[in-house]
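Data block below; observations after.
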Amino acid sequence: MIDKWVSAYNPKLWKNLKEEIHRMLTSPSCMNQSFLDRSKDKHFQTSPTYSGLDLSLARQSFEKLVMQDVVFAEQAETAVLQLLPSVDMNPVGVEGLRIFLLLNELLHACIQKCRWQQSKRLADAVAATMQRLPNESVQILGEWWSSLSPSDMIRYVQVWKTAHSWIPIFKSVSCDAQARNVLLILQHMYYTNEINKKIPETTFCLELSQMFLKEDLKRWRTKSKLKNADDLPVILCKYPFVMDLKSKKLVFDMNSAFTQQAPPQMVFDFQYGWISQSKPKFFKLHLQRASLFKSTFRELAAAAHSDFKKPLVVHFDEDPNIKDVYKRDLFHHLFLKMVSEESGMFMLNDSKTLAWFPSNATEESKRNFFLFGLLCGLALYNQCIIHLPFPLVLFKKLLSLEPTLEDMKEFSPTVGLSLQTILNYEDDVLDNLYMDFWINWDGTYVDLDPQTPGKPLTSQNKKEFVEAYVNHAFNTSVESVFQEFKRGFFLVCEQDLVRLFRPEELQGVLVGQDVYDWEKFKQNTVYELEHVRHSTIKMFWEVFDELTEEQRKDFLRFLTGYRRAPILGIDQVKMKVQVKQIQSGTCNQHFPEALTCHSILYLPFYSTKEILRDRLTEALLADTEFTL
1 MIDKWVSAYN
11 PKLWKNLKEE
21 IHRMLTSPSC
31 MNQSFLDRSK
41 DKHFQTSPTY
51 SGLDLSLARQ
61 SFEKLVMQDV
71 VFAEQAETAV
81 LQLLPSVDMN
91 PVGVEGLRIF
101 LLLNELLHAC
111 IQKCRWQQSK
121 RLADAVAATM
131 QRLPNESVQI
141 LGEWWSSLSP
151 SDMIRYVQVW
161 KTAHSWIPIF
171 KSVSCDAQAR
181 NVLLILQHMY
191 YTNEINKKIP
201 ETTFCLELSQ
211 MFLKEDLKRW
221 RTKSKLKNAD
231 DLPVILCKYP
241 FVMDLKSKKL
251 VFDMNSAFTQ
261 QAPPQMVFDF
271 QYGWISQSKP
281 KFFKLHLQRA
291 SLFKSTFREL
301 AAAAHSDFKK
311 PLVVHFDEDP
321 NIKDVYKRDL
331 FHHLFLKMVS
341 EESGMFMLND
351 SKTLAWFPSN
361 ATEESKRNFF
371 LFGLLCGLAL
381 YNQCIIHLPF
391 PLVLFKKLLS
401 LEPTLEDMKE
411 FSPTVGLSLQ
421 TILNYEDDVL
431 DNLYMDFWIN
441 WDGTYVDLDP
451 QTPGKPLTSQ
461 NKKEFVEAYV
471 NHAFNTSVES
481 VFQEFKRGFF
491 LVCEQDLVRL
501 FRPEELQGVL
511 VGQDVYDWEK
521 FKQNTVYELE
531 HVRHSTIKMF
541 WEVFDELTEE
551 QRKDFLRFLT
561 GYRRAPILGI
571 DQVKMKVQVK
581 QIQSGTCNQH
591 FPEALTCHSI
601 LYLPFYSTKE
611 ILRDRLTEAL
621 LADTEFTL
């Protein structure tokens with residue numbers, strides 16, 4: 001039929017064709033009948049999990065339809081807009097919901113043909129109509145969508161992402177019905193996909209400008225103080241799934257900056273009236289290198305909680321100078337010490353590669369876990385990368401997500417494999433092993449079901465046993481310790497903003513990544529213009545290329561204060577090479593220096609490559625030592 005509509009224009013037949021177009025495209029039943037999957041009578045199998053439509057036929061037909069201006073722009077679009085108000089919001093059968101899949105295909109065809117004006121009108125109308133559907137109907141549409149191939153699912157998401165891109169970015173999206181309707185559709189798709197994760201979560205991310213995020217954050221900060229939920233900012237509080245990691249980190253860091261720059265409070269003085277009460281500008285820690293662990297915990301325990309959100313400044317051994325590298329030194333060396341086997345603060349897995357909270361912590365030691373959480377929060381708040389070799393389950397728990405068997409497999413592959421084997425055992429095999437609910441965790445024997453002492457492990461309760469084991473290891477046995485850690489962490493960081501992140505994202509932001517693209521690092525480096533072709537620059541890169549991988553990581557720490565790359569990639573590190581000004585002696589006598597807060601490398605002009613290599617490697621070796 002559509003082939004007839006889009007064939008060569010014939011004025012004599014046009015009147016009849018217009019009536020035919022209008023009749024079909026304003027009738028949901030006619031639309032349904034036109035695109036049924038008639039192969040082997042599959043349309044008779046229509047159910048809440050199968051639409052019974054031939055969507056390939058619909059796609060091809062709509063692609064032809066949008067090709068002809070005289071047909072689509074003048075007739076088809078008008079007819080479809082008239083169809084939407086007549087759609088039954090409570091159809092007797094699920095067949096009445098097919099129209100929404102067909103309209104998605106029509107929208108996709110319009111977008112592909114770059115019919116922006118018509119596409120926007122249709123998208124607004126379809127989105128508004130879908131919001132009137134009852135929850136049961138929306139769930140069925142979600143089932144139909146999730147039954148499609150991943151590529152088709154992504155295509156439908158792209159339709160609504162494109163529709164959102166047409167909304168003016170400076171509109172108050174919180175009050176804009178068009179934006180809200182589109183975001184609600186994306187939200188339902190996102191939650192539906194979360195069940196089986198057929199397509200990546202990042203598929204739903206929108207391009208959000210820094211200015212938009214900044215305004216959204218300002219609204220969030222204002223509304224969070226007023227406790228008024230009627231006009232909350234859209235992205236931060238309702239639809240965080242459309243934010244990519246870069247946007248989330250930007251929002252978190254901007255909020256930290258806003259908080260650190262908070263204006264002084266106004267207080268009332270009976271003699272002078274309202275006056276401005278300035279607060280100390282920094283949160284200062286005065287530490288000793290020789291007793292880093294003790295002096296840090298002592299200073300934190302004595303500090304006022306209101307100081308934690310001020311910019312952090314670290315002074316070592318009574319040095320009055322403010323140096324960013326001291327802050328980075330603190331986090332680098334303190335966390336290396338805290339999570340080491342020698343500190344005894346944590347239990348370690350069999351390979352000594354991952355740490356976890358002890359199940360036998362004393363009441364006195366619990367304060368240290370509060371301070372440990374506080375330090376993790378301070379690191380995140382002050383944009384510092386730390387050495388935190390904990391399994392992903394730590395970050396899941398911070399986000400109120402439950403541990404799973406996969407978390408045990410990460411922390412203790414041996415225990416995880418044993419538990420998986422129990423689940424895989426045939427019933428008769430497991431019943432003959434004569435196992436019970438007693439386990440040994442962290443050196444302590446525990447009955448996982450104390451209400452039923454000596455409870456045997458059987459094929460009927462093996463899943464219960466595995467879940468109880470995982471729950472004991474990651475929840476029950478460390479409940480009080482973890483709550484102290486969590487209390488310290490969220491004393492610094494805003495819980496709502498931390499929850500923007502997924503567990504793996506939060507972990508990556510805090511600990512960085514062990515992935516290094518050194519070629520990209522080299523390409524991003526900038527130089528003082530007059531020295532860009534100097535022989536010393538050439539020698540430096542020759543020496544850098546000859547360094548071992550560990551030495552290159554040492555150089556990254558020498559330059560930035562962190563040995564691991566940022567989670568957003570090493571291209572976030574933009575090294576600036578400048579000439580080191582020599583006041584006395586020759587260049588060959590001096591070492592390279594770095595200004596870590598700006599990633600600046602001060603490089604003397606050495607006479608030979610050998611001297612450059614010696615001075616650089618000596619500087620890197622000295623940087624790994626925590627001394628004056």
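So the sequence shown is numbered by the UniProt record's numbering: it starts at 1 and just counts up by one. Just so it is clear, CB atoms sit at the ideal spot from N, CA and C, and this is done for glycine as well.
CA-to-CA distance, A125 to S599, given in whole angstroms: Start at 1 with the first residue of the sequence shown, and residue 599 comes out as number 599. Start at 1 with the first residue of the sequence shown, and residue 125 comes out as number 125. In a straight line, the C-alpha of S599 is about 51 Å away from that of A125.
Beta-bridge pairing of V447 - partner residues as DSSP gives them: For the purposes of this step, residue 447 is identified with residue 447 of the sequence shown, where counting begins at 1. Checking the displayed sequence, the identity of residue 447 turns out to be Asp instead of Val. Paired residue(s): W438.
Close beta carbons around F170, own chain, < 6 Å, minus the five adjacent residues each side: The count along the sequence shown starts at 1 and reaches residue 170 at position 170. No answer about F170 holds up, because its pLDDT of 47 lies below 50 and its placement is not dependable.
Length of the line joining the Cα atoms of L568 and F540: Start at 1 with the first residue of the sequence shown, and residue 568 comes out as number 568. Start at 1 with the first residue of the sequence shown, and residue 540 comes out as number 540. Roughly 26 Å separates the two Cα atoms.
Residue from P389, E363 and A301 whose Cα sits closest to the Cα of L336: Here the question's residue 336 lines up with position 336 in the sequence shown. It is P389 whose Cα lies nearest to the Cα of L336.
8 Å Cβ cutoff met for L378 and L292: Here residue 378 corresponds to residue number 378 of the sequence shown, with the count starting at 1. Here residue 292 corresponds to residue number 292 of the sequence shown, with the count starting at 1. No, these two residues do not count as a Cβ contact at 8 Å.
Contact under 8 Å by Cβ, L405 with G416: Here residue 405 refers to the residue found at position 405 when the sequence shown is read from its first residue. Here residue 416 refers to the residue found at position 416 when the sequence shown is read from its first residue. Yes, Cβ-Cβ distance for L405 and G416 is below 8 Å.
Same chain, Cβ closer than 7 Å to L101, neighbours up to 5 away in sequence not counted: The residue given as residue 101 occupies position 101 in the sequence shown. For L101, where only same-chain residues beyond five positions count, the Cβ hits under 7 Å are S51, L53, L55 and W144.
Buried or exposed by the 16-neighbour rule on C-beta atoms within 10 Å, applied to D317: Within the sequence shown, residue 317 is the residue found at index 317, counting from 1. The residue is exposed, with fewer than 16 neighbouring Cβ atoms inside 10 Å.
Separation of K396 from Q288, as counted between CA atoms: By 1-based counting over the sequence shown, the position of residue 288 is 288. By 1-based counting over the sequence shown, the position of residue 396 is 396. If I take the Cα positions, the gap works out to 34 Å.
Alpha helix (DSSP H) segments (min. 4 residues) lying fully within the region 288-318: 292-302
Contacting residues, own chain, Cβ-Cβ under 6 Å from Q131 (five flanking each side not counted): By 1-based counting over the sequence shown, the position of residue 131 is 131. Within the same chain, Q131 has close Cβ partners N181.
Reference F591; option with closest CA among L245, T617 and P403: Working through the sequence shown from its first residue, we reach residue 591 at position 591. Among L245, T617 and P403, the Cα nearest to that of F591 is on T617.
Spatially closest choice to residue 629 from R533, K538 and W518, by CA coordinates: The structure shown does not extend to residue 629, since the chain is modelled only from 1 to 628, so the question has no answer here.
Rounded C-alpha distance that separates Q507 from Q383: Here residue 507 is taken as the residue at index 507 of the sequence shown, counted from 1. Here residue 383 is taken as the residue at index 383 of the sequence shown, counted from 1. Each residue's Cα considered, the two are about 13 Å apart.
Backbone secondary structure at S172 - three-state DSSP: As a working mapping, residue 172 is identified with position 172 in the sequence shown. Low confidence applies here, because S172 scores a pLDDT of 49, under 50, leaving its location unreliable; read the following figure in that light. Looking at S172 - three-state DSSP - the assignment turns out to be coil, as it is neither helix nor strand.
P389, DSSP secondary structure in three states: Position 389 of the sequence shown, counting from 1, holds the residue named residue 389. P389 falls in the coil class under three-state DSSP.
Burial state of S172 (16 or more Cβ within 10 Å): Position 172 of the sequence shown, counting from 1, holds the residue named residue 172. Its pLDDT being 49, under 50, S172 is placed unreliably in this model, and the value from its coordinates should be taken loosely. That one is exposed.
Per DSSP, cross-strand counterpart(s) of L601: On the sequence shown, position 601 is the one that residue 601 refers to. DSSP output for L601 lists V577 and A594 as bridge partner(s).
N- and C-terminal bounds of the alpha helix (DSSP H) containing T414: Numbered from its first residue, the sequence shown carries residue 414 at position 414. Per DSSP, T414 belongs to the alpha helix (DSSP H) from P413 to N424.
6 Å CB neighbourhood of C237 in its chain, flanking five on each side removed: Taking the sequence shown and counting its residues from 1, one reaches residue 237 at position 237. Counting only Cβ-Cβ distances below 6 Å, and skipping sequence neighbours, we find nothing.
Inter-stretch contact (C-beta, 8 Å, three-pair minimum) for the region 427-447 and the region 495-511: no
Three-state secondary structure (DSSP) of L361: Numbered from its first residue, the sequence shown carries residue 361 at position 361. Residue 361 is actually Ala in this sequence, not Leu. Here A361 sits in coil by DSSP.
Residues that H286 bridges to, as DSSP identifies them: Start at 1 with the first residue of the sequence shown, and residue 286 comes out as number 286. H315, per the DSSP bridge assignment.
Beta-carbon separation (whole angstroms), residue 630 vs F489, contact threshold 8 Å: Outside the modelled stretch of the chain, which goes from 1 to 628, sits residue 630, for which no answer is possible.
Residues that DSSP places opposite L612 in a beta bridge: Locating residue 612 in the sequence shown gives position 612, counting from the first residue. For L612, which the question treats as bridged, DSSP gives no partner whatsoever.
Classification of V234 by the beta-carbon crowding that lies within 10 angstroms, buried from 16 upward: As a working note, residue 234 is residue 234 in the sequence shown. Buried.
Nearest residue (CA-CA) to E546, options V515, N104, K609 and L430: The residue given as residue 546 occupies position 546 in the sequence shown. It is K609.
Start and end residues, alpha helix (DSSP H) containing P503: In the sequence shown, counting from the first residue as 1, residue 503 sits at position 503. Run containing P503: P503 to V511, per the alpha helix (DSSP H) assignment.
Contact set for L620: own chain, Cβ-Cβ below 7 Å, skip 5 residues either direction: Working through the sequence shown from its first residue, we reach residue 620 at position 620. Counting only Cβ-Cβ distances below 7 Å, and skipping sequence neighbours, we find Q551, D554, F555 and F558.
DSSP three-state assignment for L106, whether helix, strand or coil: Taking the sequence shown and counting its residues from 1, one reaches residue 106 at position 106. Three-state result, L106: helix.
Under the three-state DSSP convention, the category L236 falls into: Position 236 of the sequence shown, counted from the start, is the residue given in the question as residue 236. It is helical.
Inter-residue spacing [alpha-carbon to alpha-carbon] between K184 and T192: In the sequence shown, the residue the question calls residue 184 occupies position 184. In the sequence shown, the residue the question calls residue 192 occupies position 192. Reading off the sequence shown, one finds Leu at residue 184, where the question assumed Lys. Taking the straight line joining both Cα atoms gives about 12 Å.
Whether A76 touches A127 by CB criterion (8 Å): As a working mapping, residue 76 is identified with position 76 in the sequence shown. As a working mapping, residue 127 is identified with position 127 in the sequence shown. Contact: no.
The alpha helix (DSSP H) enclosing I322, as first and last residue numbers: The residue labelled residue 322 in the question sits at position 322 within the sequence shown. That residue, I322, is in no alpha helix (DSSP H); it is neither H nor E in DSSP.
Distance between L491 and Y527 (C-alpha atoms, nearest Å): Stepping through the sequence shown from its first residue, residue 527 is reached at position 527. Stepping through the sequence shown from its first residue, residue 491 is reached at position 491. One C-alpha to the other measures close to 41 Å.
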